[in-house]
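Numbered by the numbering used here, the letters in the sequence shown go through residues 24 to 415 in order.
Step one of this worksheet: look at the structure below.
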Amino acid sequence: MIEIDAAGVVEFTQALVRVPSTNDPARGRSEEPAAMLVAAKMRSWGWEPQISAAAPGRPNVVAVVEGGLPGPTLMFEGHTDVVTEGDLGEWTVDPFGGEIRDGKLWGRGSADMKSGLAATLYATRALQLAGPFPGRVKVCALADEEGMMLGVHHFVDSGLAADVDGAIVAEPEAGEICAVAKGALRLRVDFTGKMAHGAMPQHGRNPIPAAGALIVALGAYQEELQKRFPVHPHLGEVYVTPTVARAGSEEQVNVIPAVASVFVDVRTLPGMSHAEIAGRVSELAAFNGISADVSVLVDRPAVEVPADDPVVAAIAEAHRAVTGEEPVYGGVPGSTDGTVLTHWGGVPSVVYGPGGKWIAHQADEYVEVDEIVRCTRVFAEAARRFLTRDAS
24 MIEIDAAGVV
34 EFTQALVRVP
44 STNDPARGRS
54 EEPAAMLVAA
64 KMRSWGWEPQ
74 ISAAAPGRPN
84 VVAVVEGGLP
94 GPTLMFEGHT
104 DVVTEGDLGE
114 WTVDPFGGEI
124 RDGKLWGRGS
134 ADMKSGLAAT
144 LYATRALQLA
154 GPFPGRVKVC
164 ALADEEGMML
174 GVHHFVDSGL
184 AADVDGAIVA
194 EPEAGEICAV
204 AKGALRLRVD
214 FTGKMAHGAM
224 PQHGRNPIPA
234 AGALIVALGA
244 YQEELQKRFP
254 VHPHLGEVYV
264 TPTVARAGSE
274 EQVNVIPAVA
284 SVFVDVRTLP
294 GMSHAEIAGR
304 VSELAAFNGI
314 SADVSVLVDR
324 PAVEVPADDP
334 VVAAIAEAHR
344 AVTGEEPVYG
354 GVPGSTDGTV
364 LTHWGGVPSV
374 VYGPGGKWIA
384 HQADEYVEVD
394 EIVRCTRVFA
404 EAARRFLTRD
414 AS
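Okay, here's the thing in structure tokens:
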């Protein structure tokens, strides 16, 4: 088994958590300081990180660690941004303190996903110190996973995924191996009617009933889709959820508004057509002469990588070797950077990392210290197995 620096990976996770890398320009925050911390660690090991801006002040950091022998390319991927800490009154610890207590490392991003990012760096360093190996490891700390995924889209659009044979995305999955992820389709439906006085509705066209009719129809459409597409063993059911509805103004309750909007979050399964769903929502939005315009805000199809793909098999074998336990397979209920890598980059990806999948984005976020160390060992062993799989 490859030896890792257990104390080092925990300390570096603490250092990352202590950087408040939310995307919050109003408070002067971005993931840039965390990205620079990653780049500095890479340089301390003699690596040569390449830094490119996915957006102003939002850098991607990528280092390629050569093994010295011909072979494939493995990608380790993590992101440097975290969601806001939210209401500080809900926290019992400093969100950016990186405190270790009761065997847990506490703080925003500890699970999602600074511990996973740290584990990828230290696993690659351990592999490098263990001696020559076939191929190379591309270690990537990308920006904006929590938003529009600008970092991974920039990575793919720049051609940096073209030579990657497999990717391990270190999101928190509580030990599960997740090679499938739900799709995300987010729609905005704008209804346009005609403004009028509330006392004279006959002179206007009220878009609010149209919005209400769509919301009701979406419930029936969800049931229709759930009958057509059975429950997925790792992803569950398809969901069609109206999440935002707005129209009018509290200050002018006596005015029929001219416009109303409904936002819809659709979570899809493999094999579902997002274009078909958007078209169907457009049909459902038709209502008594009120014009409706459907805009696609986010379009991330579901992805499914076979369990026998080399990168998935390498994680499974490494998990078994390190933990002595049979791997458990699961699915990602949302989308990750792996969704973009697989769908747009053509890279087989698997999601596996330290931390519970349900603790992300909550107050008092934490990760078990032992899990950070264990996942680092699994990553190092998975990299070795993936890169040497064709070696004689």
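Beta carbons are placed, not taken as given, at the ideal position from N, Cα and C, and that holds for glycine.
Reducing DSSP to helix, strand and coil, say where residue i ends up.
| i | result |
| --- | --- |
| Leu208 | strand |
| Arg397 | helix |
| Ser372 | strand |
| Gly235 | helix |
| Ala57 | helix |
| Leu258 | coil |
| Gln385 | coil |
| Ile25 | coil |
| Val106 | coil |
| Met98 | strand |
| Pro93 | strand |
| Ala243 | helix |
| Asp47 | strand |
| Glu194 | coil |
| Val392 | helix |
| Val456 | Because the chain spans 24 through 415 in this model, residue 456 falls outside it and cannot be assessed. |
| Asp213 | strand |
Identify which residue in the options has its Cα closest to the Cα of residue i.
| i | options | result |
| --- | --- | --- |
| Arg50 | Val85, Gly235, Val61 and Thr107 | Thr107 |
| Pro350 | Pro356, Gly361 and Gly376 | Gly376 |
| Glu299 | Ser314, Val278, Ile279 and Asp322 | Asp322 |
| Asn311 | Ala234, Gly368 and Gly121 | Ala234 |
| Ala301 | Ala197, Arg209 and Ser133 | Arg209 |
| Ala164 | Pro157, Gly182, Lys137 and Asp180 | Lys137 |
| Val261 | Glu199, Phe214 and Tyr244 | Tyr244 |
In the DSSP assignment, what are the bridge partners of residue i?
| i | result |
| --- | --- |
| Thr264 | Asp288 |
| Arg81 | Ala78 |
| Arg412 | Per DSSP, none; premise fails for Arg412. |
| Met218 | Answer by DSSP bridge pairing: none, since Met218 is not bridged. |
| Glu274 | Its beta-bridge partners do not exist; DSSP assigns none. |
| Val86 | According to the sequence as given, residue 86 is Ala; it is not Val. Answer is Val162, bridged to Ala86. |
Which same chain residues end up closer than 6 Å to residue i when comparing Cβ atoms and leaving out the 5 residues on each side of it in sequence?
| i | result |
| --- | --- |
| Ala190 | Met98, Glu100, Leu364, Val370 and Ser372 |
| Asp188 | Pro95 and Thr96 |
| Gly271 | Pro280 |
Between which residues of its own chain and residue i is the CB-CB distance below 8 Å, once the five residues before and five after are set aside?
| i | result |
| --- | --- |
| Val203 | His255, His257, Leu258, Pro293, Ala325, Val326, Glu327, Val328, Gly354 and Val355 |
Once you ignore the five residues that flank residue i on each side, which residues in its own chain have a CB closer than 7 Å to its CB?
| i | result |
| --- | --- |
| Val88 | Trp70, Thr147, Gln151, Arg159, Val160 and Val162 |
| Met172 | Asp360 and Val363 |
| Arg408 | Ala337, Glu340 and Ala341 |
| Glu404 | Met24, Ile25, Ala341, Ala344 and Val345 |
| Gly62 | Correcting the residue type first, residue 62 is Ala in the shown sequence and not Gly. For Ala62, where only same-chain residues beyond five positions count, the Cβ hits under 7 Å are Pro72, Ile74 and Val84. |
| Pro12 | Here the chain has residues from 24 to 415 only, and residue 12 is not among them. |
| Phe119 | Val40, Arg41, Pro43, Gly130 and Arg131 |
| Gly90 | Pro155, Phe156, Pro157, Gly158, Arg159 and Leu410 |
Between residue i and chain D, is there a C-beta pair that is closer than 7 Å?
| i | result |
| --- | --- |
| Val355 | Among the protein chains of the structure shown there is no chain D, as only one such chain exists. |
If we require 3 or more residues per run, which beta strand (DSSP E) segments fall completely within the region 277-329?
282-291 and 314-323
Complete beta strand (DSSP E) runs within the region 117-186 (minimum length 3 residues, chain order):
List check, beta strand (DSSP E) in window: 127-129 and 156-165.
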